[in-house]
Amino acid sequence: MQTLKLIVREVRQESPLIRSLRLVREDAGPLPAFGPGAHLKVSVPGLRDPRCYSLVQLTPDAGQFAAPTEYRLGVRLEEASQGGSRHMHALAEGDTVSVEGPKNDFPLHESPAGDEPVVLIAGGIGITPVASMAAALKAAGRAFHLHYCGRSKDQLAFVDELQALAGSDLTLHADDDPACRFDLQALLAASSPRQHLYVCGPKGLIDAVIHAARERHWPDAHIHFELFATAAPQAGDQPFEVELRQSGRTLTIPADKTIVEVMEEEGCDPMVDCKRGECGVCQATVLEGEPDHRDYYLSDTEKASGKIIQICISRAKSARLVLDL
1 MQTLKLIVRE
11 VRQESPLIRS
21 LRLVREDAGP
31 LPAFGPGAHL
41 KVSVPGLRDP
51 RCYSLVQLTP
61 DAGQFAAPTE
71 YRLGVRLEEA
81 SQGGSRHMHA
91 LAEGDTVSVE
101 GPKNDFPLHE
111 SPAGDEPVVL
121 IAGGIGITPV
131 ASMAAALKAA
141 GRAFHLHYCG
151 RSKDQLAFVD
161 ELQALAGSDL
171 TLHADDDPAC
181 RFDLQALLAA
191 SSPRQHLYVC
201 GPKGLIDAVI
211 HAARERHWPD
221 AHIHFELFAT
231 AAPQAGDQPF
241 EVELRQSGRT
251 LTIPADKTIV
261 EVMEEEGCDP
271 MVDCKRGECG
281 VCQATVLEGE
291 PDHRDYYLSD
301 TEKASGKIIQ
311 ICISRAKSAR
321 LVLDL
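At position 160 of the sequence shown the residue is numbered 160 (the UniProt record's numbering), and the sequence of numbers has no breaks.
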């Protein structure tokens, strides 16, 4: 993946917690092409891992994807920020950032013949990749409807641009207004499992959409999602041991860290990418013990077998796991 040095050309406050950044090359030259759903990995001083931010495109112009002259990011200031969002919100016009990408783990699928309208659902900062999908669908003449959800309407970002882009194909939802609160069951009841559904936002929203769509017999191939949050401790998490059989090492995984985090701290070099349990890169074979699966990659059958685990996010129900690493 190529590394680019970019200059912040503009910073805009899009909502009380969300800022957008326009990034350009020093020589104002063209940037690498990207598709809707793509992101940049941004290096943050003092942090080991780069932070991923989706590219935002809000005009229905295919050329802006194929030959962009600027990149636009949307960043939400997180209360529990480990430094990434604070750093991004402190950037000013003229500052430089080092990025890798673009990379796309959340692509928009091609339209088959007779394609049904696409269902787009975004919660909070999850609007960033989903807005780009709306722009690409509009540019391609494909039908869609975008549902954008937030705790209140003043928390929603890019609203004017989204309304100009989507018009009547945009519905805004606010938790604090019963008249427009998001009703997932009603949406799915009025939709068809033949339609493709894309959702991005908080974990609770994604889990609810996946569960409700599967209950209504939507095929997994029509349910697409991207989770922004990385692994986080859950109530009741306990420490456990992991034996790395190939290397002969045994590690203690505390309640507030993942297997991958401890391996990296101990000088191991595990294969890993998203750190959200979505991509499957970090998959390991389980030789002994019972995994506590928390990923979105494995099928229910694979999880039930207990034979493989995504070590970036999943834990152990047993006191000890033995992995073929």
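All C-beta atoms, glycine included, are put in the ideal place defined by N, C-alpha and C. Note that this is a predicted model, so its numbers are computed, not measured.
As DSSP reads the structure, D169 sits in no beta bridge. Membership of R214 in the alpha helix (DSSP H) is indicated by the continuous run K203 to E215.
The beta carbon of A136 sits closer than 7 Å to the beta carbons of P36, F65 and L108 from its chain, once the five residues preceding and following it are set aside; these are given in chain order.
Buried is the label assigned to K138, since at least 16 other Cβ atoms lie within 10 Å of its Cβ. Under a 10 Å Cβ-count criterion, R72 is classified as buried, with 16 or more other Cβ atoms of the shown protein chains found around its own Cβ. Following the DSSP letters along the chain, one finds F65 inside the alpha helix (DSSP H) bounded by residues A62 to A66. About 35 Å separates the beta carbons of C200 and E241, which is beyond the 8 Å limit, so they are not a contact pair. Counted as a single uninterrupted DSSP element, the alpha helix (DSSP H) harbouring S132 occupies residues I127 to A140. Excluding five sequence positions before and after M88, the CB atoms of its chain that fall closer than 6 Å to its own CB belong to V75, given in chain order. Scanning E265, T301 and L321 for the CA closest to the CA of E290 turns up L321. Within the DSSP secondary-structure output, C52 pairs in a beta bridge with K41. Ranked by Cα distance from L188, the options V119, S132, L172 and P50 are led by V119.
Among the bridge pairs identified by DSSP, I223 is matched with L197.
Taking 8 Å as the upper bound for CB-CB distance, Q195 and E110 are not in contact here, some 15 Å apart. Note that the stretch 152–163 touches the stretch 171–187; at least 3 beta-carbon pairs, one per stretch, sit closer than 8 Å. With a 10 Å radius around the Cβ and a threshold of 16 neighbouring Cβ atoms, L21 comes out buried. Annotated as distal: A33 and N104, with beta-carbon spacing of 7 Å or more.
Contact between the stretch 140–152 and the stretch 84–103 is not established, with fewer than three Cβ pairs separated by less than 8 Å. In the three-state DSSP reduction, H87 falls in the helix class (H, G or I). Here D273 carries a coil assignment [DSSP, helix/strand/coil]. With contact defined as three or more Cβ pairs closer than 8 Å, the stretch 297–315 and the stretch 269–277 are in contact. Looking only at P129, K203 and A213, the smallest Cα-Cα distance to L197 is reached by A213. In the three-state reduction of the DSSP assignment, Q57 falls in the coil class. Assignment of L184 by DSSP, reduced to helix, strand and coil, places it in the helix class. In the three-state reduction of the DSSP assignment, A164 falls in the helix class, which pools H, G and I. Leaving aside the five residues that flank P239 on each side, the residues in its chain whose CB is nearer than 8 Å to its CB run, in chain order, T252, I253, P254 and A255.
Between L23 and L47 a beta carbon distance of about 19 Å is seen, past the 8 Å cut, so the two are scored as non-contacting.
Rounded to the nearest angstrom, the gap between the Cα atoms of T96 and R19 is 16 Å.
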